[in-house]
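One rule links them: number in this note's numbering = place in the sequence shown (from 1) + 22. Note that beta-carbon positions come from the ideal geometry of N, C-alpha and C, so glycine has one too. Remember, it's a predicted structure, so these values are computed and weren't measured experimentally. The structure appears below as structure tokens.
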Amino acid sequence: MPRATRWNVMVLMAALLLLGSCVKLEQKPVDKRFYALEVARPGAAVTTSASAATLLVRRLQVSPRVSGRELVYRTGESAWTADFYNLFFVIPADMLTQDLRTWLGSAGLFANVVDPSSLLLPGYILEGNVSGLHGDFGAKPAQAVAEIQFILLRNVGSERCVIMTRDIRKSVPLAANTPAELVRSLRQAVTEINAELEGAIREAVSRQ
Numbered sequence: 023m024p025r026a027t028r029w030n031v032m033v034l035m036a037a038l039l040l041l042g043s044c045v046k047l048e049q050k051p052v053d054k055r056f057y058a059l060e061v062a063r064p065g066a067a068v069t070t071s072a073s074a075a076t077l078l079v080r081r082l083q084v085s086p087r088v089s090g091r092e093l094v095y096r097t098g099e100s101a102w103t104a105d106f107y108n109l110f111f112v113i114p115a116d117m118l119t120q121d122l123r124t125w126l127g128s129a130g131l132f133a134n135v136v137d138p139s140s141l142l143l144p145g146y147i148l149e150g151n152v153s154g155l156h157g158d159f160g161a162k163p164a165q166a167v168a169e170i171q172f173i174l175l176r177n178v179g180s181e182r183c184v185i186m187t188r189d190i191r192k193s194v195p196l197a198a199n200t201p202a203e204l205v206r207s208l209r210q211a212v213t214e215i216n217a218e219l220e221g222a223i224r225e226a227v228s229r230q
């Protein structure tokens, strides 16, 4: 190959490489969707308190399997997956705890319902562990599953005694296998759990 031709080829290749380095490939952004359960107690808030005591609701503990923001699906026996594109707006521990405090505050069971930052001395303490908050697509039909274990303690002076334990599991069949329907059904399941818990607390406190 003549020297001039070889030089022209090298210049052309260099130009192509330079042009390629200036090209910015446009990538389609990842389309994520965010959800909140927004579990609310139905009806108007009760304005008269059944007890003059204060209830401290500790932050709920959540099983590592469902503690992240991603929606979680059980797809079969010992088979689980997390949905990278569909997420809760906040982590389940904070979301469920805040909704539960608001629910119990409007139920009229106690004079005050507080979090651990409060300086009020609580007469009762509620703790909970969330072991299930997922879609079970291995079941037929597919279901939304929520399960929470609760412990209610009576706080008297320096002594604390357990006055109620309750393991509540609710499952709601899905009308469609979509993230939005799963969130709607989880909201219903947690609503049923909170309603049952309210009744259990009311009964336990009435015996004190």
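Nearest neighbour of residue i, chosen from the options [CA to CA]
i, options, result
"E92", "G150, E181, P114 and S128", "P114"
"E149", "D189, Y57 and V112", "D189"
"F110", "A101, E99 and V94", "V94"
"N134", "V68, A104 and S89", "V68"
N-terminal and C-terminal residue of the alpha helix (DSSP H) that residue i is part of
i, result
"G157", "Taken as a continuous stretch (DSSP letters only), G157 belongs to no alpha helix (DSSP H), being part of the beta strand (DSSP E) at Y146 to D158."
"D116", "P114 to S128"
DSSP beta-bridge partners of residue i
i, result
"K192", "A168"
"G98", "A101"
"I108", "A small correction: the amino acid at residue 108 is Asn; Ile does not occupy that position in the sequence shown. Bridge partners of N108: R55."
DSSP-derived helix/strand/coil call for residue i
i, result
"N216", "helix"
"V136", "strand"
"K46", "The predicted model places K46 with a pLDDT of 48, which falls under 50 and marks its position as unreliable, so this point remains unresolved."
"E181", "strand"
"T200", "coil"
"V84", "strand"
"E60", "coil"
"R176", "strand"
"L208", "helix"
Pairwise C-alpha distance: residue j and residue i
i, j, result
"S180", "Q210", "38 Å"
"R81", "I147", "11 Å"
"T97", "L78", "37 Å"
"Q83", "D121", "14 Å"
"V184", "I173", "7 Å"
"A166", "A75", "35 Å"
"R55", "D137", "30 Å"
"C44", "A202", "Only weak support exists for where C44 lies, its pLDDT of 46 falling under 50; the value from the coordinates is given anyway. Rounded to whole angstroms, C44 to A202 spans 41 Å at the Cα level."
"S73", "F132", "5 Å"
"A226", "E214", "18 Å"
"G145", "L175", "9 Å"
First and last residue of the uninterrupted beta strand (DSSP E) at residue i
i, result
"R55", "R55 to Y57"
"T76", "T76 to V79"
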